[in-house]
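J.:
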Amino acid sequence: MGERIAAVRVAPVPRLDHLNHQGSTFYTLLIVAGESRGRVVYVDTNGQPPYFVKNTDYLSWYERWLDETLAGRNMFWFGLE
Numbered sequence: 016m017g018e019r020i021a022a023v024r025v026a027p028v029p030r031l032d033h034l035n036h037q038g039s040t041f042y043t044l045l046i047v048a049g050e051s052r053g054r055v056v057y058v059d060t061n062g063q064p065p066y067f068v069k070n071t072d073y074l075s076w077y078e079r080w081l082d083e084t085l086a087g088r089n090m091f092w093f094g095l096e
């Protein structure tokens with residue numbers, strides 16, 4: 016007979032929506048469910064820890080991005096301060 020496998024409880028993973036590919040292995044994601052819903056997070060698919068930007072919701076992050084873009088700021092490291 017087949018092997019019996021015990022059920023394993025897996026912690027829920029927040030649902031994410033892709034906003035932007037920053038180049039190489041870096042992405043900007045929006046958390047769309049769970050405790051951190053509405054937060055923007057930068058992730059590296061090479062395993063670096065995720066970086067949560069200082070804005071606590073998408074709208075404030077987007078408005079800041081618009082303001083800084085219109086002001087002519089260098090956007091290469093946007094959100095990493």
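Numbered according to the working numbering, the sequence shown terminates at residue 96, and the numbering increases by one at each position without gaps.
C-beta: ideal position from N, C-alpha, C; glycine also.
Whose C-beta lies closer than 6 Å to the C-beta of residue 72 among residues of the same chain, with five residues either side of it excluded?
T.: Start at 1 with the first residue of the sequence shown, and residue 72 comes out as number 57. Cβ within range, chain order: 53.
J.: Would you call the stretch 78-85 and the stretch 59-67 in contact, with 3 or more CB pairs under 8 Å?
T.: The answer is no - the stretch 59-67 does not touch the stretch 78-85, with fewer than three Cβ pairs under 8 Å.
J.: Looking at the unbroken beta strand (DSSP E) that takes in residue 82, where does it start and where does it end?
T.: Start at 1 with the first residue of the sequence shown, and residue 82 comes out as number 67. Premise fails: residue 82 lies in the alpha helix (DSSP H), 73-85, not in any beta strand (DSSP E).
J.: From what residue to what residue does the beta strand (DSSP E) around residue 58 run?
T.: On the sequence shown, position 43 is the one that residue 58 refers to. From DSSP, the beta strand (DSSP E) with residue 58 extends over 55-59.
J.: Distance check for residue 78 and residue 69, CA to CA, integer angstroms please.
T.: Position 54 of the sequence shown, counting from 1, holds the residue named residue 69. Position 63 of the sequence shown, counting from 1, holds the residue named residue 78. Approximately 13 Å, taken between the alpha carbons.
J.: Kindly indicate the opening and closing residues of the beta strand (DSSP E) around residue 43.
T.: Residue numbering aside, residue 43 sits at position 28 when the sequence shown is read from its first letter. First-last of the beta strand (DSSP E) with residue 43: 41-46.
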